[in-house]
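So for the sequence shown, the numbering used here puts the first residue at 12; every next one is plus one. A virtual CB, placed ideally from N, CA and C, is assigned to each residue, including glycine. These notes are about the structure you will find just below.
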Amino acid sequence: MTAHDAVRVLRKRGYSAHVDNGQAVALVEWQEWHNGTFSIESRFEPVARLSEWR
12 MTAHDAVRVL RKRGYSAHVD NGQAVALVEW QEWHNGTFSI ESRFEPVARL
62 SEWR
């Protein structure tokens, strides 16, 4: 699967995605506790890390 193929699949699944420097990246929300404060951060992550999001 090429990076562009991956972007098409991600967009069909509702992700905001694009090709960056030859690899597919998608916008995801990370939720975490930090020093007693709950934070939500949105950032683009490489598709290769998708397995960590599930």
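If you draw a straight line from the C-alpha of residue 17 to the C-alpha of residue 49, how long is it? Each residue's alpha carbon lies about 31 Å from the other.
Out of curiosity, what's the CA-to-CA distance linking residue 58 and residue 14? Straight-line Cα distance between these residues: approximately 9 Å.
Element boundaries [alpha helix (DSSP H), containing residue 17]: Note, residue 17: alpha helix (DSSP H), 14-23.
What residue range does the beta strand (DSSP E) around residue 59 cover? Where residue 59 is concerned, there is no enclosing beta strand (DSSP E), because DSSP gives it neither an H nor an E.
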